[in-house]
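Numbering of the sequence shown is given in the numbering used here, commencing with residue 3 and proceeding in unit increments. Even for Gly, the Cβ is constructed at its ideal location relative to N, Cα and C.
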Amino acid sequence: CSLDCANMLEDRVEENMSTKKFLFGILFLILFGLLLYLPFLGVIEFRGEEGRRVVYALYMLETKKFLIPTLFGEAYFTKPPLFNWVLAGAFYVFQNYSEFTARFVSSLSVISTSLLLALFWKNIVKPTSLYILLLPSLIYLTTPDVIDKALRAEIDAFYSFLVSLYVYLWFYLYEIKQRKSLAYLLAGIVAGFSILTKTFQGLIFFYLALIPYLFTEKTLYDLFKINRHFLFLLGAFFVFFSWILALHINGIEAKEILLSWIAEYKSAASAKEMTPSQHFFAFTIGAVFSLSPWLFFLIFYFKSLPKDDIYLYKLFKFSFFLFFFSYIFHLLFLGARFRYIMPSLSGFAFLCAMPLLYKEKILSLPAKKIFILLVIFVFLGKQIYSFVYYPYHVKNMNYFRNSALKVAELLQGKRTLYLCKAIPHHLIYYMKYRYHFVDEFIYIKELKDCQNLPHGAFALAEKNSAEGIKLSVNWEIIPLKIRKKDYLLIKVQ
3 CSLDCANMLE DRVEENMSTK KFLFGILFLI LFGLLLYLPF LGVIEFRGEE GRRVVYALYM
63 LETKKFLIPT LFGEAYFTKP PLFNWVLAGA FYVFQNYSEF TARFVSSLSV ISTSLLLALF
123 WKNIVKPTSL YILLLPSLIY LTTPDVIDKA LRAEIDAFYS FLVSLYVYLW FYLYEIKQRK
183 SLAYLLAGIV AGFSILTKTF QGLIFFYLAL IPYLFTEKTL YDLFKINRHF LFLLGAFFVF
243 FSWILALHIN GIEAKEILLS WIAEYKSAAS AKEMTPSQHF FAFTIGAVFS LSPWLFFLIF
303 YFKSLPKDDI YLYKLFKFSF FLFFFSYIFH LLFLGARFRY IMPSLSGFAF LCAMPLLYKE
363 KILSLPAKKI FILLVIFVFL GKQIYSFVYY PYHVKNMNYF RNSALKVAEL LQGKRTLYLC
423 KAIPHHLIYY MKYRYHFVDE FIYIKELKDC QNLPHGAFAL AEKNSAEGIK LSVNWEIIPL
483 KIRKKDYLLI KVQ
């Protein structure tokens, strides 16, 4: 009995030490991620789609209408509302509408994804050291494409968190815990929230990994089982149709939303936003830079595959299918941007980590030292880049902030600005929510109605569309250049 008790005590001590080590690893990842992403996070102005995402979130807070992104009474059907809800929640909690607050959501999403990878890795690989435990998480955090998305208030980072969560939750429950029905159901529920973030695209990643994986496991019939794949669909569409029902109750029909999503898919497939050469560059040379230095670790698979451990090999296959087929799928759509494959980079991180489990040396140097040096190199490279480039950007490319200051000066103290069939999201953010130069924007949908503005009013119109307005000879017309677009600021007098 005493021997048994001693063995039990020894096992308990080892378990406690293992738990402490894991918690220390989690704390390290959080601190590392914060130190990597937060410096200079709010220095440069919003770029790309950041202004659009943020303005819709702020308008939700202002109007208390959260079901669908809306601005000036115009519903935005192209993207579902979940990311706007998350942004709005961050603004509400911090009571701060800055660039830092908005981007912190993405940084936190990426850090959360790295914690998920550590959790799944721990339960699949059973690492014995912090070095092994942290491999995929540190690779994910320091992948250049991931770093870029962690610094932007856009959908990609949060969306990738949801997709990574449900895809690997399925794998963990299905293969490690052997809770196959539960795996499909819970994965489906989380997948439903990914649909509410970026439409049905979130399901593509799952099926690109699931179908070839089940085929190699000779369990493809899972797709036709009621207590398997049907549960996934049930969970996903329960979440989706709950939102659709809420919209219907409030007089918004699903048809408008679905047609808008279909139009978005067609646009992505038709290469309207980029040329074939730009697309090819992004998925070849651009991809190498976006995934370096970790991409080169995949070369080790040409020599051998991790077949000795059954679960590690299963993880390898599943991650390979997720990353490789996601890459091929988006490569075939000429309008797809490389950032669209970000949800598959969790699989990429696992793939890059596995060779380090059995490679003791790389180029005659200890593999562990090579890995640590690469992590430090990326960490310092990001900080140096931010330290050098961000002040340069503020000085030479502060387009929207400078435009907001200029327009505020031209308004001569007026607190209302009319928008003649123009919705410049970034300018709206900086003038109303960031710097409080104006109290109200009044959107005028029809250009002809801009001819009847009150005396002394100011209106903003795009130069190309301003031809539809019969401008009075007495009105003062001031041309404005906001980034790449030409506008006219009109003073009615």
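- Ranking K416, A120 and L38 by CA distance to the CA of Q385 puts L38 first.
- Within the DSSP secondary-structure output, P368 pairs in a beta bridge with K363.
- At a Cβ-Cβ threshold of 8 Å, D158 and S292 do not count as neighbours.
- Contact between the stretch 462-478 and the stretch 435-452 is present: three or more C-beta pairs spanning the two stretches fall below 8 Å.
- With 16 or more other CB atoms across the displayed protein chains lying within 10 angstroms of its CB, Y186 is buried.
- The continuous alpha helix (DSSP H) containing F291 extends over residues I287 to L293.
- Cβ-Cβ distances below 6 Å link D441 to R417 in the same chain, with the five nearest sequence neighbours on each side left out; the list follows chain order.
- If you compare the alpha carbons of I134, S108 and N400 with that of I46, the shortest gap goes to N400.
- In the pairwise beta carbon analysis, the stretch 314-327 is classified as touching the stretch 345-361: at least three pairs are separated by under 8 Å.
- Rounded to the nearest angstrom, the Cβ distance from F439 to A406 is 6 Å, consistent with a contact under 8 Å.
- For T218, there is no enclosing beta strand (DSSP E); the enclosing alpha helix (DSSP H) has its first and last residue at Q203 to T218.
- Excluding five sequence positions before and after S196, the CB atoms of its chain that fall closer than 6 Å to its own CB belong to L164, V165 and G204, given in chain order.
- Relative to the Cα of G458, the nearest Cα in the group F443, I492 and D488 belongs to I492.
- Selection D488, I259, L137 and V112 evaluated against L69 yields I259 as nearest (Cα-Cα).
- DSSP places L482 in the uninterrupted beta strand (DSSP E) bounded by E478 to I484.
- A straight line joining the alpha-carbon of I178 with that of K124 spans about 12 Å.
- With fewer than 16 other beta carbons inside 10 angstroms of its own, V390 counts as exposed.
- With a contact defined as Cβ atoms closer than 8 Å, K465 and Y445 miss out at about 18 Å.
- Counting C-beta atoms within 10 angstroms of its own C-beta, Y223 has fewer than 16 neighbours from the protein chains shown and is therefore classed as exposed.
- DSSP places A155 outside both helix and strand once states are collapsed to three, so it counts as coil.
- Straight-line measurement puts the Cα of Q495 at about 43 Å from the Cα of W263.
- A straight-line Cα-Cα distance of about 49 Å links T144 and I479.
- In terms of Cβ geometry, P345 and Y161 form a close pair [threshold 8 Å].
- One alpha carbon belongs to F207, the other to P129, and they sit about 27 Å apart.
- In this structure, Y99 sits near Y435, with a CB-CB distance shorter than 8 Å.
- The DSSP assignment places complete alpha helix (DSSP H) segments of no fewer than 4 residues inside the stretch 322-358 at 347-355, in order along the chain.
- When C-alpha distances from S388 are compared across D150, R55 and L117, the shortest belongs to D150.
- In the structure shown, K397 adopts helical secondary structure according to DSSP, grouped into three states.
- Here P295 is near L376, since their CB atoms are less than 8 Å apart.
- According to the DSSP assignment, T418 belongs to the beta strand (DSSP E) that extends over T418 to C422.
- The stretch 83-93 makes no contact with the stretch 272-287; the number of CB pairs closer than 8 Å stays below 3.
- Only residues of its own chain outside the window of five on either side were considered, and among them Y420, A461 and V494 have a CB closer than 7 Å to the CB of L455, listed in chain order.
- Taking the C-beta atoms as reference points, V169 is found no nearer than 8 Å to L314.
- Contact annotation: P82 and T201 have beta-carbon atoms nearer than 8 Å.
- When only Cα atoms are considered, S306 and K361 end up about 11 Å apart.
- Annotation: F381 to L137 spans about 15 Å, alpha carbon to alpha carbon.
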